Amino acid sequence: MAYLGAILLTLLAFAARLVIGSALPGFAFITFFPAVLLAAYLGGRVAGALSVTLSIGLAWYYFVEPARSFDLAWPSGHLAIGLFILNAGLIVLAVSAMNDAYSRLSDIERERARLNLELERRVQERTRDLTTTNDALRTEIAAREEAEARAAQLQRLDAIGQLTGGVAHDFNNMLGIVIGNLELAQRKLARGGADVIRHIDGAMDGARRGATLTQRLLAFARKQPLAPVVTDLNRSVTEMSELLRRTLGEQVAVECVLSGGLWRTCVDPGQLESALVNLAVNARDAMPGGGKLTIETMNTHLDERYSDDHPEVAPGQYVAIAVSDTGTGMPADVAARAFEPFFTTKEVGRGTGLGLSQIYGFAKQSGGHAKIYSEAGHGTTIKLYFPRYSGTDQEVAAGLMPEPEAALPRSNGDEVILVVEDEAGVRATTVETLRELGYTVQEASDGASALLLLQELPSVELLLTDMVMPGMTGRELADEAAERSPHISVLYMTGYTRNGIVHGGKLDPGVQLLTKPFSIDQLARKVRAILDDRR
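For what it's worth, full-length UniProt numbering labels the leading residue of the sequence shown as 1, then goes sequentially.
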C-alpha cells in the first residue's frame, strides 16, 4: 500500500510538471520534491526511494534536455540529476529519521502509560494491604489496651483489697485494745475504781496507734497536708544524727557524709524527721547482728533519659538523701513491692508495712521522688529526691520540730471560742477540753447555726471548725464569718483534706490546721499560739 501511494504521488507530481510545461525552464524536478517527501513520510524509507527512482526516470526523459530522450547534456543534465538525487536522498533520510524518532517516542509513551497503569495497580494493591494491616494493627492495639486496662483494674482491685485488709486488720487490733481496756476500766470503776489508770493508758496507746496508722495512710495517699519550709538537709541530718545513734543502739554505727555546697530544698521538717527515723529503723531491722548505717546528702540532676525511664519524675535539679545499710538486702521481687502499703517481710508484730509507703508518699507529695536499690546479701540504699529550692527570701529551717513545752498553755482570761463540729462526740470532747483550759466556749453543729451565734456573740475571737460538714463546708463558713467579723481568727480541724484548704499537697497561705485525731496538748498549744498572734 505504501508503494502504491509512492507511485501515485510521483505520477501526480509528473502531471503537475506537465501542466507547468515550459513556464519554469531549468526546473525539471521542482514538482517531484513534495512527492518524495510525502512518500517517505507516509510509506517510509523504501517508499521514498521508490518515489525518487520514478521521479528521476520521468523527469530525465520528459523534462531534462534533450527532452524525450535519455541522453544528457554536459554538464547541465548530469548536474541536475545529481543534485536531485542528493537532495531527494537527504529528504528521504531526514523524514525516515523523523518517523523513527516519532515511532520511538510513541513506544516510550505507550510504555510509560503501561508503567503508570502498573504502578497505579500496585499502589492500589499496596494501599489495600496497608489498610488491611492497619485495621488489624488497630484491632490488636485496642485488644491490648483493653487487656491492659483489665489487668490494671485487677491490679487496683488487688491493691485495694490488700489495703482494705491491712487497714481492717490493724484497726481491729487497735480497737480491740481500746475497747478491751475501756471495758476493764468500766468494770473496775463499778467495783471501786482500783487500777483504772493502767487500762486508760492502754486504751490511749491503742488510740494513738490508730491515729499513727491514719497519718501513714494519708501520707501514702499524698493527702496529708504539708507545711514545707526552706530546709538545709545537711543541718537537718547533723541535728538528727545523735538522736538516730541513740535510737539504733551501739551495734549500729552511724556515718553522715555531707556534701559541700548542698542546695536547699523546701520540705515539711516534721515529715522529713519521720522519714529519716523510719529509714533508720528499717535499716537497723535489716542488720540483726549490727552493721553500718550511712546517711549521705548530694546535689543531683535527673535528666531527660532518667525521666523517660521514670515518667512520673520531672527532669531537673534535685537535692538527695541516701540512706544505706549493710544488712540482708532484698531480692528484686521484694524491692519492687517495697513501697506498697501493708507489704512487709517482717514477722508478725514487728511492722505494719506502712513505713516505706509513707516515705514514698511524702517524697512524691513534696514534688520529689523515692528510689530503692537493693540486692539480697548486699544491703539496701533508699534515695529521697527533693526539688532544688532557688529562692533567697526565706529563712533556712533546721528541719526539726521544736520540743514541746512542759505545761499546757491556758486561757489568759475571758477569751471566747466558737466550736463548730457535726460529730456530737468530737464536739463534746473538744468543748470540754477547751473549758478545762479556761476558755469560754460556744458550740454549733453546722455552719448555719454558727453564723447565727456569731451575730449574737460579737466577742468570739477564734472559730474552731471542722472542714467537712453538711450544708456548708468549714472553708465556706470561715469566709462568711470573716465578712461579718473581720477580726475573728480561724482554726480548721479535719482528718482528711481535699481541696478546701490544701492545694498541691500544701496548706494555703495563712491557713491554720489541726489534724484529727489530736491530743489535748496539740489543741492547747495550737489555740494559744493563734490567740497570741492576735495580740
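Cβ atoms here follow ideal geometry from the backbone N, Cα and C, with glycine treated the same way.
Quick caveat, the model's predicted, so the values are computed rather than measured.
N251 (DSSP reduced to helix, strand or coil): Numbered from 1 along the sequence shown, position 251 holds the residue referred to as residue 251. What sits at residue 251 in the sequence shown is Gln, not Asn. DSSP places Q251 in coil when its eight states are reduced to three.
Whole-Å CB distance - Q358 paired with N278, under 8 Å assumed: Position 358 of the sequence shown, counted from the start, is the residue given in the question as residue 358. Position 278 of the sequence shown, counted from the start, is the residue given in the question as residue 278. Indeed, because the Cβ distance is near 7 Å, the residues count as touching under 8 Å.
Outcome for S274 when other beta-carbon atoms lying within 10 angstroms are tallied against a minimum of 16: Working through the sequence shown from its first residue, we reach residue 274 at position 274. Per the 10 Å Cβ criterion, buried.
Buried or exposed by the 16-neighbour rule on C-beta atoms within 10 Å, applied to M1: Walking along the sequence shown from the start, residue 1 turns up at place 1. When all chains shown are included, M1 counts as exposed.
Cα-Cα separation between Y41 and L119, rounded to whole angstroms: Counting from 1 along the sequence shown, the entry for residue 41 is found at position 41. Counting from 1 along the sequence shown, the entry for residue 119 is found at position 119. Cα-Cα distance, rounded: 35 Å.
Beta-carbon proximity list for P315, same chain, < 6 Å, skipping 5 on both sides: Within the sequence shown, numbered from 1, the residue matching residue 315 stands at position 315. Around P315: L302, D303, E304, S307.
Boundaries (first-last residue) of the alpha helix (DSSP H) holding L54: Within the sequence shown, the letter at position 54 stands for residue 54. That run of the alpha helix (DSSP H) goes 45-62.
DSSP beta-bridge partners of N299: Start at 1 with the first residue of the sequence shown, and residue 299 comes out as number 299. Beta-bridge pairing links N299 to V319.
Which of helix, strand or coil DSSP assigns to S357: Here residue 357 refers to the residue found at position 357 of the sequence shown. Reduced to three states, the DSSP call for S357 is helix.
C-alpha gap between I321 and E483, whole angstroms: On the sequence shown, residue 321 is found 321 positions in, with the first residue counted as 1. On the sequence shown, residue 483 is found 483 positions in, with the first residue counted as 1. Roughly 46 Å separates the two Cα atoms.
Q455 versus A481, A336, A136, E239, residue with shortest Cα-Cα distance: Position 455 of the sequence shown, counted from the first residue, corresponds to residue 455. By alpha-carbon distance to Q455, the top candidate from A481, A336, A136, E239 is A481.
V95 CB to nearest heavy atom of the ligand ATP below 7 Å: Although the ligand ATP was asked about, the structure shown includes no ligands whatsoever.
Pairwise C-alpha distance: R114 and A15: Along the sequence shown, one-based indexing puts residue 15 at 15. Along the sequence shown, one-based indexing puts residue 114 at 114. Distance between the alpha carbons of A15 and R114 is about 47 Å.
Distance, Q317 Cα to K506 Cα: Taking the sequence shown and counting its residues from 1, one reaches residue 506 at position 506. Taking the sequence shown and counting its residues from 1, one reaches residue 317 at position 317. So the two alpha carbons sit approximately 21 Å from each other.
Beta-bridge pairing of F386 - partner residues as DSSP gives them: Here residue 386 refers to the residue found at position 386 of the sequence shown. Looking at the DSSP assignment, F386 forms a beta bridge with V319.
Cβ neighbours of A88 in the same chain (closer than 6 Å, five flanking residues each side left out): Translated into the one-based positions of the sequence shown, residue 88 becomes position 88. Cβ neighbours of A88 beyond the five flanking positions: V36, V52.
Rounded C-alpha distance that separates M401 from P509: One-based indexing of the sequence shown puts residue 401 at position 401. One-based indexing of the sequence shown puts residue 509 at position 509. Because the pLDDT of M401 is 41, which lies under 50, any placement of that residue in the model is unreliable, and the number read from its coordinates should be weighed accordingly. Roughly 20 Å between the two C-alpha positions.
contact_flag[the segment 329-343, the segment 236-255] where n(CB pairs < 8 Å) is 3 or more: no
Whole-angstrom distance between V313 and Q394, CA atom to CA atom: Walking along the sequence shown from the start, residue 394 turns up at place 394. Walking along the sequence shown from the start, residue 313 turns up at place 313. Residue placement at Q394 cannot be trusted, given a pLDDT of 46 that sits under 50; the coordinates are not used to answer.
Per-residue DSSP class, three states only, for Y439: Translated into positions along the sequence shown, residue 439 becomes position 439. DSSP places Y439 in coil when its eight states are reduced to three.
Per DSSP, the bridge partner or partners of R264: Walking along the sequence shown from the start, residue 264 turns up at place 264. Looking at the DSSP assignment, R264 forms a beta bridge with Y389.
Validate contact between the segment 225-236 and the segment 279-286 using beta carbons, cut 8 Å, 3 pairs: no
Reference T300, options L356, A363, K383, closest by Cα: In the sequence shown, residue 300 corresponds to position 300, counting from 1. Looking at the Cα atoms, K383 is the closest of the given residues.
Neighbour-count burial assignment, L452, 16 or more Cβ in a 10 Å radius: Working through the sequence shown from its first residue, we reach residue 452 at position 452. Exposed is the call here.
Counted within 10 angstroms of its Cβ, other Cβ atoms place R264 as buried (16 or more) or exposed: Within the sequence shown, numbered from 1, the residue matching residue 264 stands at position 264. Result: buried.
Where D71 falls: helix, strand or coil (DSSP): To locate residue 71, count along the sequence shown from 1; it is residue 71. If DSSP states are grouped into helix, strand and coil, D71 belongs with coil.
Own chain residues within Cβ distance below 6 Å of T328, not counting five before or after: As a position in the sequence shown, residue 328 is number 328, starting the count at 1. The residues are A286.
Residue interval of the alpha helix (DSSP H) (run including A275): Taking the first residue of the sequence shown as 1, we reach residue 275 at position 275. Per DSSP, A275 belongs to the alpha helix (DSSP H) from 269-285.
Proximity below 8 Å, CB of A59 to CB of A6: Locating residue 59 in the sequence shown gives position 59, counting from the first residue. Locating residue 6 in the sequence shown gives position 6, counting from the first residue. Not a contact, by the Cβ cut-off of 8 Å.
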